[in-house]
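First up is the structure itself, then whatever we jot down about it.
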Amino acid sequence: MRKMINKRGTLTTLNLIVGFLLLFVILINLLPLISSADKTICCEKTVKGAVCQNTEPSNCASGARKADTSCEQTSFCKMGTCIDNKAGECKPNTPKKACDDIQGFWDQRKSEEIPQCKLGCCFIGEETTFVTKTQCKTTAGFFGVEMIFDSSITNSLECAASGLSEDKGACVYQTGDEFGNTCRFTTEKECRKMKTDNSDSNAEFFKDYLCTADELNTNCAKTQKTTCKDEMVYFTDTCGNLANIYDASKITDVAYWTKIVKLEDSCGIGKSNANSQTCGTCNYYL
Amino acid sequence: MKERGRNSRFFSDKRGQVTLFVIIAIVIVALGILIYVFYPKISSVFGGGQEQNPNEFIQNCMEDDLADKIQNVSVQGGSINPEFYILYQDEKIQYLCYTEEYYKTCVVQKPLLTKQIEKEIENAIAPKVKTCFNELKTSFEERNYEVNIIEGAVGIALMPKKVVSTFNYSVTLTKTDAKKYDSFNVVVNNNLYELVGIANSIIDWESTYGDASIALYMDLYHNLKIEKRKPDYGTSVYILTDKDTANKFQFASRSLVFPPGYGTEVV
């Protein structure tokens, strides 16, 4: 009886061992299939025509380069910036292969780190475009207009909202000497042009402001000096800029030296003011 | 009786005059029609009239073909024959940015889009350029000119509000004296430059962050209509239309796609 039990026990153990061995052999055989189903490689071009995709090996086009790693780790599909040196166009997040295909110059740096790819606002007539300085120069050259490029505008939203108007105001800029900020009373267009001509000037336009406005913190100050323009008498500041129409009662009025006052709100409207010692609004027809 | 006879001659004279006037009128009208139909040939035969300038000739000959090719390129994502595209409303629309992986932003497929489009149009119009210059030769030879044409480079430039093609062909026309033309320009008014600029910006967004917000672009560019269609799971077809000119640019992108059912799991 004991002999029979022992024999059956040996048989069961043997069955178990054989069973495990069989299972092991089956698993070993299945393993490559399981792992290859999950495995992706970097493929230079897929059968559908997509460039630089992490995909299954079977999706890779014949003759295309492939690597048993992610595309970012390869030399041919590494991401960088594609540059057209002639036209000045730059494209970020571009794999090397896509750039090489169109004879572009590929740089592994991000576009923000490449000086020639720095974008700014380009003013061509009434149009604004957010492009590189080279692209702006090419377009301006084509239209035969002066290039006005503002590199301080760093996004397309701000650029689209920017203008190149004939509106007047204070153009505040740096002179590079110990006097700090100075100012010119001019148009928005002229101010942007000044910035293009001398990017170190950091010229900034403040519509409707006078150069003597305290908040602009410039070296231009109020004076009692006057000058004639368009048959009116105007105040001038210490920088020689025009201010508002001469009004003796407002020589020290801070508000009068801050923003442009419209002609209709100036002194003596409706009178000729001939030989007036107090008001510069002249009207010869009255 | 005498009176009657005079009257009868008067009437017969009058009828004769009317017939004469009718004949003259018919001749005048016929001449008018002939001049209208055969004007260029007549003017060349008599050696007078306003001769068409070679620049005008090339502009007239090329502009329809150029406009067609611009239109083709614009609706197919910047390619005349898209290689990697999605079929949407019977149009092959080129993917400009694509990833087939989930959770990943797309990989730029067509960098330097402006340059690529210029090249595509350039190649597409090349046969027509040759035909037009051959026609120019024939046309001027018929007018007794000696024509010498030296082929040159063809260039396309996308510019604000226009597409400019330049043909650096050298044309010499000789009759009594020689006149030389060194370059020819054909300009088509089109907003492709602006639309490609916006497409580029959307691609930058898609390749950096994923799905682009079209509302933001429409807020910014009031003359622009942007539609985003989803013809299949994960693919976006962008249709940019200039409201003022109806010029259109469309392209496809697949970026930051989540697996079906993602975000709908019940916890």
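As they're listed, the protein sequences go chains A and H. Residue numbers for the first sequence follow our numbering, beginning at 62 and rising by one. Residue numbers for the second sequence follow our numbering, beginning at 1079 and rising by one. By construction, the Cβ of each residue, glycine as well, lies at the ideal position given by its N, Cα and C atoms.
Query                                                                                                                                        : Result
Cα-Cα separation, residue 1105 of chain H to residue 1212 of chain H                                                                         : 38 Å
C-beta atoms of residue 1189 of chain H and residue 107 of chain A nearer than 8 Å                                                           : no
Endpoints, the alpha helix (DSSP H) within which residue 1153 of chain H is located                                                          : 1132–1153
Beta-carbon proximity list for residue 130 of chain A, same chain, < 7 Å, skipping 5 on both sides                                           : 103
Chain H contacts made by the segment 220–238 of chain A, where a contact means CB separation under 7 Å                                       : 221
Sequence-distant residues of the same chain with beta carbon closer than 6 Å to residue 1124 of chain H, five excluded per side              : At residue 1124 of chain H the pLDDT is 47, less than 50, meaning the model places this residue with poor confidence and gives no usable figure here.
Length-filtered (4 minimum) alpha helix (DSSP H) runs lying within the segment 98–171 of chain A                                             : 157–162
Chain-order list of residues whose beta-carbon lies under 6 Å from that of residue 341 of chain A (same chain, five-residue window excluded) : 293, 294, 306, 307
Cross-chain neighbours of residue 218 of chain A in chain H, by beta carbon under 7 Å                                                        : 1298
Contained alpha helix (DSSP H) runs [length at least 4] in the segment 1143–1219 of chain H, N- to C-terminal order                          : none
Interfacial residues, the segment 164–198 of chain A to chain H, with Cβ spacing under 7 Å                                                   : 165, 185, 188, 190
Start-end ranges of the beta strand (DSSP E) lying completely within the segment 252–294 of chain A, minimum 3 residues                      : 265–268, 287–290
DSSP state of residue 342 of chain A mapped onto helix, strand, coil                                                                         : coil
Any C-beta of chain H under 8 Å from that of residue 94 of chain A                                                                           : Residue placement at residue 94 of chain A cannot be trusted, given a pLDDT of 47 that sits under 50; what the coordinates show is reported in the next sentence. Judged by the 8 Å Cβ criterion, residue 94 of chain A is not in contact with chain H.
Contact belief for residue 1169 of chain H with residue 1264 of chain H at Cβ below 8 Å, rounded distance in angstroms                       : Residue 1169 of chain H to residue 1264 of chain H, Cβ: 26 Å. No contact.
Residue from A/136, A/132, A/185, A/175 whose Cα sits closest to the Cα of residue 1179 of chain H                                           : A/132
Length of the line joining the Cα atoms of residue 243 of chain A and residue 194 of chain A                                                 : 27 Å
Neighbour flag for residue 115 of chain A against chain H, beta carbons, 8 Å                                                                 : yes
Chain A contacts from the segment 1158–1191 of chain H (Cβ-Cβ distance under 9 Å)                                                            : 1160, 1161, 1162, 1163, 1173, 1175, 1176, 1177, 1178, 1179, 1182, 1183, 1184, 1185, 1186, 1187, 1188, 1189, 1190, 1191
For residue 1208 of chain H and residue 178 of chain A, the rounded distance between their alpha carbons                                     : 37 Å
Euclidean distance between Cα positions of residue 1318 of chain H and residue 1309 of chain H                                               : 16 Å
CA nearest to the CA of residue 186 of chain A, picked from A/197, A/176, A/180                                                              : A/197
Backbone CA spacing between residue 263 of chain A and residue 234 of chain A [nearest angstrom]                                             : 6 Å
Proximity test, Cβ basis, 8 Å: residue 155 of chain A and chain H                                                                            : yes
CB of residue 1235 of chain H within 8 Å of CB of residue 1147 of chain H, strictly                                                          : no
Any 3 or more C-beta pairs closer than 8 Å across the segment 166–184 of chain A and the segment 201–212 of chain A                          : yes
Cβ neighbour criterion (16 or more within 10 Å) applied to residue 314 of chain A                                                            : exposed
Residue 320 of chain A vs residue 270 of chain A beta-carbon contact at 8 Å                                                                  : yes
Check: residue 1238 of chain H C-beta below 7 Å from any heavy atom of the ligand ZN                                                         : The ligand ZN is absent from the structure shown, which contains no ligand whatsoever.
Closest Cα partner of residue 1299 of chain H within the set A/222, A/172, A/309, A/338                                                      : A/222
Reduced DSSP secondary structure (H/G/I, E/B, other) of residue 328 of chain A                                                               : coil
Within 8 Å, strictly: CB atoms of residue 170 of chain A and residue 142 of chain A                                                          : yes
Beta strand (DSSP E) segments (min. 3 residues) lying fully within the segment 1283–1317 of chain H                                          : 1302–1310
Where the segment 1252–1284 of chain H meets chain A: residues whose CB sits under 7 Å from a CB there                                       : 1275, 1279, 1282
Cβ of residue 200 of chain A within 8 Å of any chain H Cβ                                                                                    : yes
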